[in-house]
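This report concerns only the one structure given below.
Numbering (full-length UniProt numbering), first residue to last: 1 to 341.
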């Protein structure tokens, strides 16, 4: 029996058959010729309810904005007067300094605690877990007051050999633990406890199979950590880490209990003197919004940088989306002016 062969129809035979089929379909539809689809324009799908929802939200936003601008009790003139005052800017600088120092030290210590928690050593793992448990279980306000009153518990701090009388240096606690030092200690240690769990969770989110494959290929442990584990872990770490930093910016306001002249304490001193409570609170609120907005923009672009390996094509930025929106509507208007549907 001869082998089966594929029978192909010559192109010259296929094309007349296709033309006959088109003519037959056109005749059945009552047309002389098949329609030319190139004459039709591509029109985006319309979403009427989306426009209705947009109109409602825009009306509500306009009503709120109008109320804010026209109600004289907001005292926007007082807000403008104090917004860039020298004392306010000094308090803002102290807030930024506390955030930078406490955030940096907190995440460095949190990274060390995360590695200790993932260690195979029972001692390291237990110490890290106990640290996180204690500092996440107590209010930040209590921690700040405890550090500020450390001189009541220990009159001096000695550096030497434990359990012996050998002392290398000794300091008075009250001279070491100032308002700034107590604030940095409290914010740093509290931040480290949460950062350790964030970093540990990010490291555990990396597929274990990739680590095993890198080990099988003989890649050194340090290169495995820096080239394989950390870049992928950063995708899980960054969103929560930036939320913690934003929370830390606002958390610095609680340092006012130590009478440290950060932004909120400065505002409080001013409104106690002028009795303009609401306008001064608005001054602090607007500055906190400015700081968190800058951090949110930085978060967006840093997350976009680390997501390059996860997506074949990165999603458009807000500016690119806005540009595409206007260009699409401009094209639609041009087509409409030419009489195309």
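Even glycine gets a Cβ: it sits at the ideal position worked out from N, Cα and C.
Predicted model only: the values in this text are computed from it and were never measured.
Taking a 10 Å sphere around the C-beta of residue 160, we find fewer than 16 other C-beta atoms and assign the residue as exposed.
For residue 158, the enclosing beta strand (DSSP E) stretches over residues 156-160. Within the same chain, and ignoring the five residues on either side of residue 303 in sequence, the residues whose Cβ sits closer than 7 Å to its Cβ are 238 and 239. Put simply, the region 182-198 touches the region 135-148. At least three CB pairs are less than 8 Å apart.
Where residue 240 is concerned, the enclosing alpha helix (DSSP H) starts and stops at 230-251. Between the region 274-282 and the region 157-174 there are fewer than three inter-stretch CB-CB distances shorter than 8 Å, so the stretches are not counted as touching. A distance of 9 Å or more separates the beta carbons of residue 298 and residue 107. Counting the other Cβ atoms within 10 Å of the Cβ of residue 208 gives fewer than 16, which makes it exposed. Burial state of residue 80 is exposed, judged by a 10 Å Cβ sphere holding fewer than 16 other Cβ atoms. DSSP places residue 85 in no beta strand (DSSP E); its state is neither H nor E. Taking the CA atoms as reference points, residue 307 sits about 9 Å from residue 232.
Excluding its 5 nearest sequence neighbours in each direction, residue 78 has C-beta neighbours in its own chain below 7 Å: 276 and 279, listed in chain order. Residue 170 is bridged by DSSP to 158. Close CB contacts of residue 103 within its chain, under the 7 Å cut and outside five residues either way in sequence, are with 191, 245 and 248 (chain order). When the alpha-carbon of residue 92 is set against those of 296, 76 and 285, the nearest one is in 285. Residues of the same chain with a CB within less than 7 Å of the CB of residue 264, apart from the 5 flanking positions on each side, are 253, 256 and 284 in chain order. Taking a C-beta distance under 9 Å as the contact criterion, residue 87 and residue 270 qualify as a contact pair.
Where residue 67 is concerned, the enclosing alpha helix (DSSP H) starts and stops at 48-70. For residue 206, there is no enclosing alpha helix (DSSP H), as DSSP marks it with neither H nor E. For residue 117, same chain residues with a beta-carbon under 7 Å away, outside a window of 5 residues either side, are 125, 128, 129, 196 and 200 in chain order. Under the 8 Å Cβ criterion, the region 168-179 counts as touching the region 146-157, having at least three qualifying pairs. By the Cβ neighbour-count rule, residue 229 is buried, with 16 or more other Cβ atoms within 10 Å of its own.
Taking all protein chains shown into account, residue 119 has fewer than 16 neighbouring C-beta atoms within 10 Å of its C-beta and is therefore exposed.
Residue 168 counts as exposed, since fewer than 16 other beta carbons sit within 10 angstroms of its beta carbon.
The Cβ atoms of residue 236 and residue 205 sit closer than 9 Å to each other.
Residue 197 carries a helical assignment under DSSP once its states are collapsed to helix, strand and coil.
Scanning 221, 110, 217 and 260 for the CA closest to the CA of residue 145 turns up 260.
Distance from the CA atom of residue 64 to the CA atom of residue 301, rounded to whole angstroms, is 31 Å. One thing to note: residue 184 has its Cβ within 9 Å of the Cβ of residue 101.
Boundaries of the alpha helix (DSSP H) harbouring residue 279: 277-306, taken from the DSSP string. Residues 192 of the same chain have their beta carbon placed closer than 6 Å to that of residue 109, with the five preceding and five following residues left out of the count. Between residue 203 and residue 114, the CB-CB gap stays under 9 Å.
Contact between residue 250 and residue 288 holds: CB atoms are separated by about 6 Å, below the 8 Å threshold. Between the alpha carbons of residue 50 and residue 59 lies a distance of about 14 Å. If the five residues before and after residue 186 are omitted, its C-beta is found closer than 7 Å to the C-beta atoms of 140, 143, 144 and 147, all from its own chain and listed in chain order.
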